[in-house]
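J.: Heads up: the sequence shown at position 251 corresponds to 265 in the numbering used here, and the numbers run straight through without jumps.
Mind looking over this structure? Questions follow.
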Amino acid sequence: MTYLAKLSQHIDRVVQAATDPGAAARSRLTASWRRSLVHHGLDPGHRQDVQRVTEPALAERRARSEAMLRVAATKIDALYQLLGSSGCGVLLTDAEGIVLDLRAADGDVGVFEAWGLWPGSDWSEASEGTNGIGTCIAETRRVIIHRDDHFHARNTAMSCMDAPIFGPDGELIGALDVSSARADQTESFNRLIAAMVVQTARQIETDTFRASFPKARILVTEAPESDAAALLAIDRDDLVIGATRGARRAFGLAQTGRLTPVPTADLLGRDEGPTGFEKAERAAVKRALARASGNVSEAARALGVGRATLYRRMKRLGIDENR
């Protein structure tokens, strides 16, 4: 089958599936195709280049995402070091699907730019239809869009693995993408890459959250989703003042926006005996004291709190410094 015949076949397949409401109800992919065709009014046979914002507009977007970009830089460098030699590029976008940053090998830069995988490019679903970045953002979940899963026929040579990134207030702030146009890219390899993408996205989310609450102590909790970052920020008065999206879901807090401070004990509960939180806090304090050979000042520095604060916690937790 010729290249043009394959494109034509893809276009027919997408249109047929997207115009069948029943098919859209049974498949997330087909539902995205339907959004692209019906809601966004896109044509799967569209051949023009990916739209780009202007340089001033890109600079403005990068400035708005400065906190995320600063935290993400080393993380996407590390991810690229693992995947770059296999012909993959690592991209970071804002919450609207505009590419803010890219890591790609010198020999692959021309290919990525030609595909529109370039800073300033608009990969929202409204612009490009079903694709890794846009669909990840539209559905706020991890996705793999492999070749013919794409809406536009001109994008079907690519494989894209994406994960959303949520900010300290629970709002979506971006997406992390790994894309490849290698002909030998397999779906099993895509799944392996996708796991690394999710892990890196959660690291970016976690470090962005920690940076937003520099004076609070951070408690890592369990989340209902295995790949969600579930952290609480607790101030010196034992009030929960911040929570990641995963923690908000786990504790039934407002999904987005600034939190109304809530006592940690009220949120985590203290019924009979020490809770898991108290046990974890007690263990952390005792570990710090052990490493400091009982020196309270040194242990306080290691825990990132003041000496007086540590004494108060030790008293509350029943820890005797002389023991």
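Yeah, the Cβ is synthetic: ideal placement off N, Cα and C, and Gly gets one too.
From a predicted model like this one, the values you see are computed outputs, not experimental measurements.
Taking ILE25 as part of the alpha helix (DSSP H), name the residues at either end of that continuous run.
T.: Within the sequence shown, residue 25 is the residue found at index 11, counting from 1. First-last of the alpha helix (DSSP H) with ILE25: 17-32.
J.: Give, in chain order, every unbroken run of the beta strand (DSSP E) that is at least 3 residues long and sits entirely within the stretch 201-267.
T.: If we require 3 residues or more, the beta strand (DSSP E) runs fully inside the stretch 201-267 come out as 231-234, 245-248, 253-257.
J.: Which residue marks the beginning of the beta strand (DSSP E) containing SER99, and which one marks its end?
T.: Here the question's residue 99 lines up with position 85 in the sequence shown. Looking at the DSSP string, SER99 is not in any beta strand (DSSP E), and its letter there is neither H nor E.
J.: Checking 8 Å against the spacing of the C-beta atoms, do THR258 and PHE223 come in under that value?
T.: Position 244 of the sequence shown, counting from 1, holds the residue named residue 258. Position 209 of the sequence shown, counting from 1, holds the residue named residue 223. For THR258 and PHE223, yes; Cβs fall inside 8 Å.
J.: Span of the alpha helix (DSSP H) holding GLY124?
T.: If you number the sequence shown from 1, residue 124 lands on position 110. Taken as a continuous stretch (DSSP letters only), the alpha helix (DSSP H) holding GLY124 covers 123-129.
J.: Taking Cβ positions, are ARG49 and GLU139 nearer each other than 8 Å?
T.: Position 35 of the sequence shown, counting from 1, holds the residue named residue 49. Position 125 of the sequence shown, counting from 1, holds the residue named residue 139. Contact flag set, yes.
J.: Looking only at its own chain, which residues have a Cβ that is under 7 Å from the Cβ of GLY130, when we skip the five neighbours before and after it?
T.: Residue numbering aside, residue 130 sits at position 116 when the sequence shown is read from its first letter. Only ASP63, VAL64 meet the Cβ criterion.
J.: When you compare only the Cα positions, how much space is there between GLU286 and LEU246?
T.: Taking the sequence shown and counting its residues from 1, one reaches residue 286 at position 272. Taking the sequence shown and counting its residues from 1, one reaches residue 246 at position 232. Because the pLDDT of GLU286 is 44, which lies under 50, any placement of that residue in the model is unreliable, and the number read from its coordinates should be weighed accordingly. C-alpha separation (whole angstroms): 22 Å.
J.: Using DSSP's beta-bridge definition, name the partner residues of SER135.
T.: As a first step, residue 135 is located in the sequence shown; it is residue number 121 there, counting from the start. According to DSSP, SER135 bridges with ARG66.
J.: Report yes if the CB atom of ILE207 is closer than 8 Å to the CB atom of ASP176, and no otherwise.
T.: Here residue 207 is taken as the residue at index 193 of the sequence shown, counted from 1. Here residue 176 is taken as the residue at index 162 of the sequence shown, counted from 1. Result no, Cβ atoms of ILE207 and ASP176 do not sit closer than 8 Å.
J.: Looking at C-alpha atoms only, which residue of ASP249, HIS166, ARG156, ASP334 is the closest neighbour of ASN204?
T.: Counting from 1 along the sequence shown, the entry for residue 204 is found at position 190. The option with the nearest alpha carbon to ASN204 is ARG156.
J.: Taking the alpha-carbon of ARG263 as reference, which of VAL67, ALA244, VAL85 has the nearest alpha-carbon?
T.: Here residue 263 refers to the residue found at position 249 when the sequence shown is read from its first residue. Among VAL67, ALA244, VAL85, the Cα nearest to that of ARG263 is on ALA244.
J.: Note the first and the last residue of the continuous beta strand (DSSP E) segment covering ALA189.
T.: Position 175 of the sequence shown, counting from 1, holds the residue named residue 189. Residues 186-194.
J.: Rounding to the nearest angstrom, what Cα-Cα distance links GLU153 and ALA314 in this structure?
T.: As a first step, residue 153 must be located in the sequence shown, where it is residue number 139. As a first step, residue 314 must be located in the sequence shown, where it is residue number 300. Looking at the two C-alpha atoms, the distance is approximately 43 Å.
J.: CA-CA distance, SER141 and ARG168?
T.: The sequence position of residue 141 within the sequence shown is 127, counting from 1. The sequence position of residue 168 within the sequence shown is 154, counting from 1. Computed Cα separation, rounded: 13 Å.
J.: Between TRP47 and the rest of its own chain, which residues show a CB-CB distance below 7 Å, the 5 nearest in sequence each way excluded?
T.: By 1-based counting over the sequence shown, the position of residue 47 is 33. Excluding residues within five positions, the ones whose Cβ falls inside 7 Å are VAL28, ALA31, ALA32, THR144, PHE165.
J.: Under the three-state reduction of DSSP, which class applies to ARG61: helix, strand or coil?
T.: Locating residue 61 in the sequence shown gives position 47, where the first residue counts as 1. Reduced to three states, the DSSP call for ARG61 is coil.
J.: Quick one: using the 10 Å Cβ neighbour count with 16 as the cut-off for buried, is ARG327 buried or exposed?
T.: The residue labelled residue 327 in the question sits at position 313 within the sequence shown. Looking at its Cβ environment, which holds 16 or more other Cβ atoms inside 10 Å, ARG327 is buried.
J.: Rounded to a whole number of angstroms, what is the C-alpha to C-alpha distance between ASP221 and THR274?
T.: Within the sequence shown, the letter at position 207 stands for residue 221. Within the sequence shown, the letter at position 260 stands for residue 274. Distance between the alpha carbons of ASP221 and THR274 is about 22 Å.
J.: Nearest to ASP184 by CA position, among PRO58, SER99, THR44, GLY271, is which residue?
T.: As a working note, residue 184 is residue 170 in the sequence shown. A small fix is needed here, since residue 184 is Gly in this sequence, not Asp. Closest by alpha carbon: GLY271.
J.: Assuming CYS150 and ALA92 make a contact with CB atoms under 8 Å, what is their CB distance in whole Å?
T.: Counted from its first residue, the sequence shown places residue 150 at position 136. Counted from its first residue, the sequence shown places residue 92 at position 78. 20 Å between Cβ atoms; not a contact.
J.: Would you report the Cα separation of GLN269 and VAL276, rounded to the nearest angstrom?
T.: Here residue 269 is taken as the residue at index 255 of the sequence shown, counted from 1. Here residue 276 is taken as the residue at index 262 of the sequence shown, counted from 1. Near 15 Å, if we compare the C-alpha coordinates of VAL276 and GLN269.
J.: Apply the 10 Å Cβ neighbour rule to MET15 and answer buried if 16 or more other Cβ atoms are within range, or exposed otherwise.
T.: Here residue 15 is taken as the residue at index 1 of the sequence shown, counted from 1. Exposed.
J.: Please state if the CB of PRO182 and the CB of ALA215 are separated by a distance shorter than 8 Å.
T.: Your numbering for residue 215 matches position 201 in the sequence shown. Your numbering for residue 182 matches position 168 in the sequence shown. No. Outside cutoff.
J.: Count the other CB atoms within 10 Å of the CB of LEU106; is the residue buried (16 or more) or exposed (fewer)?
T.: Position 92 of the sequence shown, counted from the start, is the residue given in the question as residue 106. Burial call: buried.
J.: Let me check understanding here. Comparing Cα to Cα, which of ALA306, LEU233, GLU110 lies closest to ARG76?
T.: As a position in the sequence shown, residue 76 is number 62, starting the count at 1. Among ALA306, LEU233, GLU110, the Cα nearest to that of ARG76 is on GLU110.
J.: If I follow the unbroken beta strand (DSSP E) through ILE159, where does it start and stop?
T.: For the purposes of this step, residue 159 is taken as the residue at position 145 of the sequence shown. Taken as a continuous stretch (DSSP letters only), the beta strand (DSSP E) holding ILE159 covers 157-160.
J.: In this structure, how does DSSP classify PRO35 when only helix, strand and coil are distinguished?
T.: Reading the sequence shown from its first residue, position 21 is the one you call residue 35. Note: PRO35 maps to helix in three-state DSSP.
J.: With distances taken between CB atoms, is the gap from GLY134 to ARG84 smaller than 8 Å?
T.: Taking the first residue of the sequence shown as 1, we reach residue 134 at position 120. Taking the first residue of the sequence shown as 1, we reach residue 84 at position 70. No, the pair does not count as a contact, with Cβ atoms beyond the cut-off.
J.: Judging by CA-CA distance, which residue of GLY260, ARG250, GLN217 is the nearest neighbour of ALA237?
T.: Your numbering for residue 237 matches position 223 in the sequence shown. Among GLY260, ARG250, GLN217, the Cα nearest to that of ALA237 is on GLY260.
J.: Considering Cα atoms alone, identify which of LEU324, SER194, ASN309 is closest to VAL123.
T.: As a working mapping, residue 123 is identified with position 109 in the sequence shown. Comparing Cα-Cα distances from VAL123 to each of LEU324, SER194, ASN309, the minimum goes to SER194.
J.: Can you tell me where the alpha helix (DSSP H) with MET328 in it begins and where it stops?
T.: Position 314 of the sequence shown, counted from the start, is the residue given in the question as residue 328. Counting along the chain, the alpha helix (DSSP H) containing MET328 begins and ends at 321-331.
J.: Sorted by chain position, which residues of the same chain lie with C-beta nearer than 7 Å to ALA81's C-beta, five sequence neighbours on each side aside?
T.: Numbered from its first residue, the sequence shown carries residue 81 at position 67. Result list for ALA81: THR222, ALA225, in chain order.
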